[in-house]
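Enquirer:
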Amino acid sequence: MGKAEFDKVKRPETIKLPFMLDFYPLEDSKTTQISQFFQNLKQGKLTTTKCAKCAQLLWPPRIVCPNCFSNEFEWVDLGSDGELYAFTEIRIGAPLGFVQDMPFCVGLVKIGGLLISSRIDNTKFDQLKIGDKLQLKIVELEDGRVFYRFTKA
Amino acid sequence: MKMRKVAVVAGGATRCGRREASWRDLVQEAGKNLFENAHNVTPKDVDSLIVGAAEPERFVFQAHVAPMVAEYLGIAPRKVLARTELMCASGQAAIRYAWACVASGLSEVAVAFGVEKMYMPDMVEAQTNMSCVLDREWDGINALSAPPFFAMTAQRHMHEFGTTEEQMAQVCVKNHHYSSMNPWAQFPKEVTVQDVLKSLMVAPPLKLLDCSGITDGAAGVVLVPAENARKYTDTPMYLVGSGQASIGNNLNNLVSLTEWVPLKLAVEEAFKTANITLSDIDIAELHDCFTISEIMEYEAFGWCEKGKGGKFIEEGQSYIGGRVAVNPRGGLLGCGHPLGATAILQAIDILQQLRGEVPKGRYVEGAEIAVTHNLSGPANVHSILVYSR
């Protein structure tokens, strides 16, 4: 008995990276109410929201203060000088979209009274130490979206 | 409200590991084992089913999983049906819900089930799935998932308290010692400190053997009111206390990287509700997702001073016969970590410990009180259950 012949079903050979695996958020005012954060970033400024009523500094940026439920905020410039609090280097197991960058460093950065996570670019694990001075760096995707990273100062 | 005392009367599971089995196969295997181990209870008697499942939408592209588990197990719930997601603590969330259903008087026979299929044809996709555990738009975007987060935790613990990579490796050695006597474990073999130190660097200082595995597995337990427990078994296990606490979620909003304040709060609540003190605990199944986690858990529970967790394992205090038996099942490091099933597997092992059904080398003789603990996310959430004979 010969091999059975079946109708072949076609599927696309390649697909676009699905949005939800893109990692970078949508940034314009049609898709988020904190688009000001990204507009500020495009001006080279890393900012966050401070509640105009109770003065709490909030990260990530908000549209409602969890402390007093106010939705009046001012945008505070966090500056561009950070300090490295903790770090590691991702050598295996990076997610889709970041695999080609391995190995790369990530860290927790003290800046403007916050402790935020970030990629630490242009360096290697062995070249970093806790307490290193860091400098803000803005990166841009092909479609114009932006995000922040840090490098050694 | 007067709460009823609750008993766990039966448990069943799959073998864990890289299984040649689908998500649905795992559900059926564990369900069969559960009902074969249970006496006087059939799927028809189960009025509530809670299914712990962390990420079936991503790992197997399936939502609405609680009714699917019910269908495969032949259960037709009439009281409560729900799925719980609390990432690495999803299974404990299922037990907590089932417990609340029975304790409140709503349910007479509840099953807490847990399942996770994590092996995928392309493991990059599996790793990607784990990147939405942290705040994805602000932390996940920096490629942060569990290994780099716990690597930074370990780095700070080493920096502040002098904890060493050798001490962390000793946690893995202990837990593999016990999993070598557990045929249900993903890694049923001994390892040495050198094996751990020489294993592949994942994210310094964490090596491959500092990390729990990617695991397929499923498990379930039956919960009933304590007053009816003897109808199902001569050796029930009672759920006598619980504690859970959560503070913050984004990495900026954690209280501390090196001191797990929510765990201390959860311990306090668990001890209060169970009316026990630290010295009452004979067995502790702690969430050793990474070696550093177990070290920090010794400290938060109070078995040693803050910063002395490394010394505690170095002195062998967490082996059977030491100050407290920690993870005589083999832990997540030895047994694997099928997210939704993990806490259920811990509960089943405690049930077997209290019944004297585990091999001699990992049997804690005369144990009366045990705790199981799970952390989830960036260790901002800690969940504890207290069981007694």
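Here the protein sequences come in this chain order: A and B.
With this note's numbering applied, the first sequence corresponds to residues 4 to 156, in that order.
With this note's numbering applied, the second sequence corresponds to residues 725 to 1113, in that order.
For every residue, glycine included, the Cβ atom is placed at its ideal position computed from N, Cα and C.
If you draw a straight line from the C-alpha of Asn-74(A) to the C-alpha of Ile-66(A), how long is it?
Expert: For Asn-74(A) and Ile-66(A), the distance between alpha carbons rounds to 6 Å.
Enquirer: Which bits of chain B does Val-109(A) rub up against, with CB to CB less than 7 Å?
Expert: The answer, in chain order, is Asn-866, Ala-867, Leu-868 and Pro-872.
Enquirer: When you compare the CB of Trp-984(B) with every CB in chain A, is at least one pair closer than 8 Å?
Expert: It does not; no Cβ of chain A falls within 8 Å.
Enquirer: Using a beta-carbon distance cut-off of less than 8 Å, what residues from the region 34–63 of chain A approach chain B?
Expert: Flagged, chain order: Trp-62 and Pro-63.
Enquirer: Are the C-beta atoms of Thr-126(A) and some chain B residue less than 8 Å apart?
Expert: It does not; no Cβ of chain B falls within 8 Å.
Enquirer: Cβ of Met-876(B) less than 8 Å from any chain A Cβ?
Expert: Cβ-Cβ to chain A under 8 Å: yes for Met-876(B).
Enquirer: To the nearest angstrom, how far is the alpha carbon of Pro-115(A) from that of Val-79(A)?
Expert: Rather than Pro, the amino acid found at residue 115(A) in this sequence is Gly. In a straight line, the C-alpha of Gly-115(A) is about 9 Å away from that of Val-79(A).
Enquirer: So which residues of chain A does Asp-934(B) contact, with C-beta pairs closer than 7 Å?
Expert: Neighbours of Asp-934(B) on chain A: none; closest Cβ ~12 Å, over 7 Å.
Enquirer: Can you tell me whether Asp-846(B) is buried or exposed? The criterion is at least 16 other CB atoms within 10 Å of its CB, across all chains shown.
Expert: Burial call: exposed.
Enquirer: Is Tyr-1022(B) closer than 8 Å to Ile-1074(B) when the C-beta atoms are compared?
Expert: No; because the gap between Cβ atoms is not below 8 Å, this pair is not in contact.
Enquirer: Just curious, the alpha helix (DSSP H) that Glu-77(A) is in, first and last residue?
Expert: First-last for Glu-77(A): 76–80, but that is the beta strand (DSSP E), not the alpha helix (DSSP H).
Enquirer: Does the distance from the CB of Ser-970(B) to the CB of Val-1105(B) come in under 8 Å?
Expert: It is a contact, given that the beta carbons lie within the stated cut-off.
Enquirer: Please report whether the beta-carbon of Leu-139(A) lies at a distance below 8 Å from any beta-carbon of chain B.
Expert: Answer no: the Cβ-Cβ gap between Leu-139(A) and chain B never drops below 8 Å.
Enquirer: Between the alpha carbons of Gly-965(B) and Pro-28(A), how many angstroms are there, rounded?
Expert: Computed Cα separation, rounded: 42 Å.
Enquirer: Quick one: give me the first and last residue of the beta strand (DSSP E) that Ala-943(B) is part of.
Expert: That run of the beta strand (DSSP E) goes 941–949.
Enquirer: Return the CA-CA distance between Leu-1099(B) and Leu-810(B), expressed in angstroms with no decimal places.
Expert: In a straight line, the C-alpha of Leu-1099(B) is about 9 Å away from that of Leu-810(B).
Enquirer: If we cut at 8 Å on Cβ distances, does Leu-888(B) have a partner in chain A?
Expert: The sequence as given places Thr at residue 888(B); Leu does not occur at that position. No, because no Cβ of chain A sits closer than 8 Å to the Cβ of Thr-888(B).
Enquirer: Just to check my reading of the structure: Leu-117(A) and Asn-976(B) have Cβ atoms closer than 8 Å, yes? What is that Cβ distance to the nearest angstrom?
Expert: Right, the Cβ-Cβ distance comes to about 5 Å (below 8 Å), so this counts as a contact.
Enquirer: Against Pro-28(A), what residues of chain B qualify as contacts under a CB-to-CB distance less than 8 Å, listed in chain order?
Expert: Under the 8 Å cutoff, chain B gives Glu-861 and Ile-865.
Enquirer: In the DSSP assignment, find the beta strand (DSSP E) that holds Asp-124(A) and state where it starts and stops.
Expert: Its beta strand (DSSP E) spans residues 117–124.
Enquirer: Which same chain residues end up closer than 7 Å to Lys-113(A) when comparing Cβ atoms and leaving out the 5 residues on each side of it in sequence?
Expert: Here the set comprises Gly-85, Glu-86 and Tyr-88.
Enquirer: Report back the beta-carbon spacing between Ile-1072(B) and Ala-870(B) to the nearest angstrom; my notes put them in contact at under 8 Å.
Expert: Ile-1072(B) to Ala-870(B), Cβ: 24 Å. No contact.
Enquirer: Kindly identify the DSSP beta-bridge partner or partners of Ala-89(A).
Expert: Looking at the DSSP assignment, Ala-89(A) forms a beta bridge with Leu-111(A).
Enquirer: Looking at chain B, is there any beta carbon in it that lies within less than 8 Å of the beta carbon of Glu-92(A)?
Expert: Taking Cβ atoms only, chain B reaches closer than 8 Å to Glu-92(A), which makes this a yes.
Enquirer: Spell out whether any CB of chain A is found under 8 Å from the CB atom of Glu-849(B).
Expert: Closer than 8 Å: yes.
Enquirer: Could you work out which residues of chain A lie near Glu-927(B), taking near to mean beta carbons separated by less than 7 Å?
Expert: Going by the sequence as given, residue 927(B) is Ala instead of Glu. Simply Thr-91, Glu-92, Ile-93 and Arg-94.
Enquirer: From the DSSP output, read off the bridge partner residues of Asp-244(A).
Expert: Within the shown structure, residues of chain A are numbered from 4 to 156, placing residue 244(A) beyond reach of any answer.
Enquirer: Between the region 1029–1054 of chain B and chain A, which residues of the former have a C-beta closer than 9 Å to a C-beta of the latter?
Expert: Residues: none.
Enquirer: Helix, strand or coil: how does DSSP classify Phe-874(B) here?
Expert: Helix at Phe-874(B).
Enquirer: Hey, quick one: how far does the beta strand (DSSP E) through Arg-807(B) stretch, first residue to last?
Expert: Run containing Arg-807(B): 804–808, per the beta strand (DSSP E) assignment.
Enquirer: Could you confirm whether any beta carbon from chain A is found closer than 8 Å to the beta carbon of Leu-921(B)?
Expert: Output row for Leu-921(B): interface = no.
Enquirer: If the cut is a Cβ gap below 7 Å, which residues of chain A does Arg-880(B) touch?
Expert: What Arg-880(B) touches in chain A: Ala-89.
Enquirer: Assuming contact is defined by CB atoms lying nearer than 8 Å, are Asp-1004(B) and Ile-1093(B) in contact in what I supplied?
Expert: Yes, the pair counts as a contact, with Cβ atoms nearer than the cut-off.
Enquirer: Just by C-beta distance, which residues in the region 826–852 of chain B are closer than 8 Å to chain A?
Expert: The residues in question are Val-848, Glu-849, Gln-851 and Thr-852.
Enquirer: Report yes if the C-beta distance between Val-770(B) and Pro-801(B) is below 8 Å; otherwise report no.
Expert: Yes, the Cβ-Cβ distance between Val-770(B) and Pro-801(B) is below 8 Å.
Enquirer: Taking only runs that begin and end inside the region 826–874 of chain B, name each unbroken beta strand (DSSP E) of 3 or more residues, in chain order.
Expert: Listed in chain order, the complete beta strand (DSSP E) runs (minimum 3 residues) inside the region 826–874 of chain B are 834–840.
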